[in-house]
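Chains as they are written, first to last, in the working numbering: chain L, 1 to 299; chain E, 300 to 573. Virtual Cβ for every residue (Gly too), placed ideally from N, Cα, C.
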Amino acid sequence: MVNVSKKYRNFTALDNVSFNFSGKRAIGYLGPNGAGKTTTLKIMTNLLRPSQGTVELNGINVNKNPKKALESVGSMIETPVPYPYFTVKESLEFIGELRGIDKRTVDGKIDEYFDALKLPPLKNRIGSLSKGQRQRVVFASVLVSDPDIVILDEPTSGLDPFERKIFRDFILKLKKDKLVFFSSHILSEVSETCDDVIFLNHGKVLKIGNMGEITRSFNTNAVKIEFVKNVDNDILSRLRELKYDIMDSSGRTVTINYSGDEQERAQILINAIKICPVISYTSAGSDLEKAYISILGEK
Amino acid sequence: MPQDTNLKQYYTSFKYQLLGYIKTKRFIGLTLFSLIVSIAVTLLMFHVEYTTLKDSNSPTFFLNYLDTSLLDIIVVVGSFFGGDLISGDVGTGSAYYILVQPVKRSVLFLGKYTAALLSSFFIVFLYILVGIFASIDLYGTVTSKVALSLGLVLLMVAATIMLASFFSSIFKSPTSGMITSIVLLILVFPIITGIIGSLEGIYPIEFLTFAGEITYLIFNTEYPATKIVSPALHGLKIYTFNPALYQGIESLLIYLIVFGIISIVIYSRRQIEG
């Protein structure tokens, strides 16, 4: 994507957005509502034309030659609705046939995804399905053609935790042999699945980078220790003897501020275990969340 | 990834749209509507003028039978099938399902259009079929002009759906295209042709419903004159126009081609802004 802008009269939805990704990986496209995420994805799938700039998928300009460019792309933008009079099976067969995939392969894919995506009964009409069920059918239709590039627009938005887990697990599976590009504002989802991340706000790309590097640079420098029993005065005084900066303590957990040095972080754990058995030891707060808030300038 | 040709994609679009139509309440409802109207018209004609009909012949029967409501049936059916052909995609969530596929929108449109044409023609054909049975019952035969009429009906249906498709390309809501087409073709066009034709003496061949009258005028023993001027009454001449056969065909073809091109261009260039 090179210098892509999208303008509507006096409003600039996208402003000189550029990025380039290749290989097998998952890329998270992060930004608040109205940042321009969906506009970007719509341009990437030729639902919108850019006011300036070019978008290429596998080296083919998607706005000049959409048919060719989209051949290797499966996408789920906004809330797609297959024709309501189709059955689940017909919806998947239709897309398969439209993409020139033979019926046997399509049937095989349907069998494969039926359990994996917990699809509704194949004879059910689309019009009778819940939003989550419909979303899974559309996702299956995205995968039926086995595309090289998968573009998803907030795929878990409005879904229940069970359905979100299905999508998250699938993204982890897909990124092993595809390029998955998905927008979201659910930070935990992005941090768990993505290798790279793009931060977008007010139509501008604010930061692009490797997930690990970005989260490290916005390390929270605090750890949360969960002990096997409630934190009492004895535990607190022994931690203070070690000169630890205790930020918070409640119930069985205590949060300690530290320099950010990994050796020091490890030593805190070693010392904590000596004081009392530890159940869990985690970063306090999401590193990605801190990066998100810091980069987007929100509180 | 398998590649596919435009022709195969056209067939896929056509096949699934047709399968979809057959299952819809719209198709079932319009089929029943066509059958009820055709049977009602036939029974009424049999009841009111049976002796006259018996003394007449098959072409005259068809002229009277089709004149009654054929064009209205075509307009209603064509508007229902064409009025949401494009807005049904671009104005709903289906856009995100179908328009992100590697298929030319023109190919998609033509497949859907063919399905709409076939479905509509089937329903209109039922209306004519009841007339065929009635003609056999009355005269033991069916005039061969029915074949030509069916061809003209197909052209009229095709032009009507294309005009409705044009409205579906400019409106976002699927129902707007249907309602606009029906109101325009059932009310506005006949009123305008009535005024400019009868009173102003202008030959209204540019109007679809007027041109469509050729579908039944061919049943006349001699094709009627294009222009008839009644004697002046209080200084006012009243004109009666009939569409000339070839000019009627030409007009229907123009509707089909011009609105087809415009619809495809709009559909192809339409952005999905949501």
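- Within the same chain, and ignoring the five residues on either side of residue 454/E in sequence, the residues whose Cβ sits closer than 8 Å to its Cβ are 548, 551, 552 and 555.
- For chain E, the residues of the stretch 123-150 of chain L that bring a beta carbon within less than 8 Å of one of its beta carbons are 138, 141, 145, 146, 147 and 148, in chain order.
- In the displayed model, residue 402/E falls within coil according to three-state DSSP, outside both helix and strand.
- For chain E, the residues of the stretch 19-47 of chain L that bring a beta carbon within less than 8 Å of one of its beta carbons are 38, 42, 45, 46 and 47, in chain order.
- Ranked by how close their Cα comes to the Cα of residue 466/E, the residues 490/E, 508/E, 334/E and 380/E have 380/E in first place.
- When 9 Å is used as the limit between beta carbons, residue 78/L is near these residues of chain E: 392, 394, 395, 571 and 573, in chain order.
- The C-beta distance from residue 28/L to residue 182/L rounds to 7 Å, short enough to fall under 8 Å.
- When secondary structure is reduced to three states using DSSP, residue 181/L falls in the strand class.
- As the crow flies, the alpha-carbon of residue 85/L is around 16 Å from that of residue 386/E.
- Taking 4 residues as the minimum length, the alpha helix (DSSP H) runs contained wholly in the stretch 493-522 of chain E are 507-510 and 513-516, in order along the chain.
- At a cut-off of 8 Å between C-beta atoms, residue 67/L counts as an interface residue with respect to chain E.
- Under the Cβ criterion (8 Å, minimum of three pairs), the stretch 409-426 of chain E counts as touching the stretch 322-339 of chain E.
- The criterion of a C-beta distance shorter than 8 Å is not satisfied by residue 4/L and residue 34/L.
- Within chain L, the residues whose beta carbon sits less than 7 Å from that of residue 319/E are 83, 85 and 86, listed in sequence order.
- In the structure shown, the three-state DSSP call for residue 53/L is strand.
- Contacts between residue 307/E and chain L, judged by CB atoms closer than 7 Å, involve 100 in chain order.
- A Cβ-Cβ contact shorter than 8 Å links residue 38/L with residue 78/L.
- In the structure shown, residue 249/L adopts extended strand secondary structure according to DSSP, grouped into three states.
- Counting only residues of its own chain and dropping the five nearest sequence neighbours on each side, residue 147/L has a CB closer than 8 Å to the CB of 72, 73, 74 and 178.
- Within the same chain, and ignoring the five residues on either side of residue 40/L in sequence, the residues whose Cβ sits closer than 8 Å to its Cβ are 1, 4, 14, 17, 29, 183 and 200.
- Shown here is that no member of the stretch 341-365 of chain E has a Cβ falling below 8 Å from a Cβ of chain L.
- Of the other Cβ atoms in all chains shown, fewer than 16 fall within 10 Å of the Cβ of residue 160/L; this residue is therefore exposed.
- With contacts defined by Cβ atoms closer than 8 Å, residue 138/L and residue 80/L form a contacting pair.
- Under a 10 Å Cβ-count criterion, residue 527/E is classified as exposed, with fewer than 16 other Cβ atoms of the shown protein chains found around its own Cβ.
- Taking the C-beta atoms as reference points, residue 445/E is found no nearer than 8 Å to residue 360/E.
- For residue 1/L, the three-state secondary structure derived from DSSP is coil.
- For residue 107/L, the three-state secondary structure derived from DSSP is helix.
- Residue environment for residue 153/L: buried (at least 16 other C-beta atoms within 10 angstroms of its C-beta).
- Residue 320/E carries a helical assignment under DSSP once its states are collapsed to helix, strand and coil.
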